[in-house]
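In this note's numbering, the protein residues as written are 89 to 247.
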């Protein structure tokens with residue numbers, strides 16, 4: 089669902105944290121902001137994001153977005169809706185290969201970058217670090233990175 093309010097757009101798909109709790113999930117919610125495309129390129133807009141996932145499984149449960157009408161809110165909520173419909177995890181959302189060109193997006197889309205901290209809130213497999221403050225990396229499919237880092241750098245080929 090997307091609505092335009094003057095020069096802004098608001099969108100929501102899936103469950104909010106209170107709805108997820110009522111449905112029997114153990115929700116964790118992350119609220120943040122991101123640029124719709126690289127900030128060095130003219131005309132970038134901030135997007136306010138709110139992601140809700142299941143703590144136990146990492147499954148994406150809901151997304152809310154708010155930003156300028158030219159920030160691609162509709163495109164991004166459609167990505168989230170497809171991910172939720174197919175019961176994707178946050179890691180799965182991070183693994184999507186989405187389109188990129190500096191005037192319209194980033195190598196890692198705002199939806200992917202800002203959803204990633206949800207993955208930090210659940211246990212990872214034994215082959216990676218579980219120590220507090222130490223980044224958790226997993227090469228064979230599941231990718232997470234600290235909220236303070238904007239991209240996984242050289243660990244992901246072809247990016």
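The beta-carbon is built from N, C-alpha and C at its ideal position, and this holds for glycine as well.
Is it right to say residue i is buried, meaning 16 or more other beta carbons lie within 10 angstroms of its own, or is it exposed?
{"i": "residue 189", "result": "exposed"}
{"i": "residue 213", "result": "For residue 213, the predicted structure reports a pLDDT of 46, less than 50, and the residue's modelled location is therefore unreliable. The matter cannot be settled from this model."}
{"i": "residue 89", "result": "exposed"}
{"i": "residue 191", "result": "exposed"}
{"i": "residue 64", "result": "There is no way to answer for residue 64, as the model of the chain reaches only from 89 to 247."}
{"i": "residue 91", "result": "exposed"}
{"i": "residue 162", "result": "exposed"}
{"i": "residue 187", "result": "exposed"}
{"i": "residue 142", "result": "buried"}
May I ask which residues mark the beginning and end of the beta strand (DSSP E) holding residue i?
{"i": "residue 154", "result": "148-156"}
{"i": "residue 134", "result": "134-142"}
{"i": "residue 92", "result": "90-93"}
Nearest CA to the CA of residue i: which residue from the options?
{"i": "residue 96", "options": "160, 203, 174", "result": "160"}
{"i": "residue 100", "options": "174, 94, 195, 140", "result": "140"}
{"i": "residue 198", "options": "98, 124, 119, 116", "result": "124"}
{"i": "residue 204", "options": "194, 193, 183, 187", "result": "183"}
{"i": "residue 174", "options": "196, 155, 150, 206", "result": "150"}
Cβ pair count under 8 Å reaching 3, the segment 163-172 against the segment 104-111: Cβ pair count under 8 Å is below three, so no.
Count the CB pairs spanning the segment 108-115 and the segment 170-178 that are closer than 8 Å, and state whether there are at least three. The segment 108-115 is not in contact with the segment 170-178.
How do the segment 143-152 and the segment 127-135 stand: do at least 3 beta-carbon pairs fall below 8 Å, yes or no? With the cut-off at 8 Å, the segment 143-152 and the segment 127-135 do not touch.
Can you give, in chain order, each stretch of the alpha helix (DSSP H) that sits fully within the segment 164-190 and has at least 4 residues? Entirely contained in the segment 164-190, the alpha helix (DSSP H) runs reaching 4 residues are, in chain order, 178-183.
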